[in-house]
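A.B. asks:
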Amino acid sequence: MNNSIGTIKRWRVQIFAITWLAYAAFYFTRKAFSVAKLGIAEDPTFMLDKMAMANLDAIYLTAYAFGQFTWGILADRFGPRVVVLGGLLISAAAALVMGSFATLPIFATCMLIQGLAQSTGWSGLCKNIGSFFPAQQRGRVLGLWSSCYAFGGLVASPFAGWWAYTLIGSWHAAFISSAAVVGLVAVLFFIFQRNRPEDVGLPAVEPEPEPERTTEETCAQSKISVLEPLKEILRNRTVLVLGLAYFLLKPARYAILLWGPVIVFEQMPSVGKVGAAIIPTAFELAGLLGPILLGLASDKLFGARRMPACVISLLALTVSLALFMGALHTGSVLLVVVLLFVMGLTLYGPDSMISGAAAIDFGTAKAGATAAGFVNGCGSVGAILGGLLPGYFDSVTVFIVFAGCALFSALVLIPHWNSRPAGLRVESPFVPDQAMTVKPLRS
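Numbering follows my numbering, in which position 3 of the sequence shown is assigned residue number 3; successive positions increment by one, without gaps.
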């Protein structure tokens with residue numbers, strides 16, 4: 001028995017580490033183009049204006065959103081090992097092609113492929129984590145795990161920039177160096193990753209009983225098994241609300257990621273271009289901490305309820321977004337950095353919680369990847385708006401809209417304040433105060 005407990009603990013550490021590394025790696029090929037833009041703008045042999053670059057970003061984001069809705073279904077059907085490993089390899093290959101051939105048709109095709117390849121990551125890897133950790137631990141586990149995308153975003157750009165403009169002296173190196181990183185991680189993923197405890201001879205963390213079926217029913221079930229998780233998710237009101245909340249939340253994050261330096265430089269030109277590029281990193285630095293704190297709060301303070309922690313954080317985000325433009329107008333670098341840090345802290349926490357732990361919890365083990373893919377797909381549609389709106393409207397209007405979206409996101413979650421996954425609820429009509437007691441799960 002003790003040997004079995006030790007084995008599952010070791011595998012949990014291993015799965016946590018390799019899936020964390022895999023998703024962080026996706027950010028290297030994801031951010032390669034944003035780094036390469038600096039060199040492409042000055043390359044007389046490859047003429048791409050800002051509008052063309054924006055259109056390429058839109059192609060990527062649209063493909064990414066589409067992929068979120070589809071790969072989760074396939075990850076539930078075939079397992080994360082096949083889906084995510086394929087995504088890593090294809091993403092690396094597309095980046096390598098972009099670093100080797102500079103034509104608009106090739107870039108457009110590769111950005112489409114990148115969007116589809118990188119969208120394999122979130123839903124599949126969330127399902128992978130959910131298969132090894134019980135629900136009452138997922139808040140803090142996925143909170144800590146979600147630091148992968150903040151870390152990836154922080155490290156990927158300087159890494160690609162160093163290779164491209166310091167070591168090699170060509171924007172092509174931004175793509176090639178990033179492709180090498182993702183290719184290496186794909187090899188490690190193949191070696192160390194497994195889909196579920198049963199694959200290594202361990203019992204399931206949360207086994208789902210299968211109903212008895214006749215042979216005819218089993219054959220019929222196999223024909224619809226790919227779409228059945230999606231049908232189940234579309235009937236799940238809580239997952240639909242999570243999708244709406246994430247759609248409203250995502251534009252602010254992507255606007256800051258894609259337009260942060262531009263917005264800071266426009267409002268505070270005295271900091272210079274380098275300063276304008278550095279200041280928004282406070283937002284991503286806070287992203288390392290936000291998911292961890294919110295995950296701990298949801299498990300420890302709110303008894304595996306995800307919504308209270310998200311609602312409180314979103315209300316704080318609403319205030320910080322509303323104050324941001326005013327802070328820029330003061331010209332105080334310290335105030336802007338502090339506010340960006342608060343925005344990152346209060347945005348990345350519910351971002352990871354809604355698309356990760358909450359989606360897996362309410363999607364259940366059977367449709368966890370489909371739920372994570374659906375919720376993240378809704379958010380990815382919002383991300384397209386986050387990339388477009390700052391280019392069409394003034395920054396003050398944009399951030400007022402983002403503050404309103406954050407507030408509305410909090411409001412749609414409030415009715416689900418006490419929601420928990422069905423397997424964790426014990427309801428008593430006689431003792432209202434105990435209606436949400438967590439039911440122990442075996443692991």
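Even for Gly, the Cβ is constructed at its ideal location relative to N, Cα and C.
(1) Could you say which of F101, Q136, K127, L56 lies nearest to A108 if we only look at CA atoms?
(2) What is the rounded straight-line gap between the Cα of R194 and the Cα of I15?
(3) Just tell me which of L323, R140, P80 has its CA closest to the CA of L301.
(4) Quick one: grab the DSSP three-state call for R235.
(5) Exposed or buried, what is M51 when buried is set at 16 or more other beta-carbons lying within 10 Å of its beta-carbon?
(6) Enumerate in chain order the residues of its own chain whose CB-to-CB distance from G79 is below 7 Å, with the five nearest sequence positions on each side excluded.
(7) Looking only at its own chain, which residues have a Cβ that is under 8 Å from the Cβ of A383, when we skip the five neighbours before and after it?
(8) Ignore the nearest five residues each way along the sequence and tell me which others in T346's own chain have a CB closer than 8 Å to its CB.
(9) The alpha helix (DSSP H) with I113 in it runs from where to where?
(10) Within a Cβ cutoff of 6 Å, which residues of the same chain sit near A179, ignoring the five residues on either side of it in sequence?
(11) If you draw a straight line from the C-alpha of V311 to the C-alpha of F341, how long is it?
(12) From A282, D299, H329, L294, pick the residue whose C-alpha is nearest to that of Q267; which is it?
(13) Just the C-alpha distance for Q221 and A204, rounded to the nearest angstrom, thanks.
(14) Which residue's Cα is closest to the Cα of Y392: V271, L125, A54?
(15) Suppose you measure from the CA of V83 to the CA of F283; what does that come to, to the nearest Å?
(16) Are at least three pairs of beta-carbons, each pair with one atom in the stretch 19 to 28 and one in the stretch 142 to 155, less than 8 Å apart?
(17) Under the three-state reduction of DSSP, which class applies to K9: helix, strand or coil?
C.D. replies: Per the coordinate set shown:
(1) L56
(2) 7 Å
(3) R140
(4) coil
(5) exposed
(6) N195
(7) L61, Y64, A65, K250, P251, R253, Y254
(8) G290, S313, L314, A316, L317, S320
(9) 104 to 118
(10) A92, A95, L96
(11) 19 Å
(12) H329
(13) Legend: pLDDT at Q221 = 48, less than 50; position of this residue unreliable, value from coordinates given subsequently. Each residue's Cα considered, the two are about 22 Å apart.
(14) A54
(15) 31 Å
(16) yes
(17) helix
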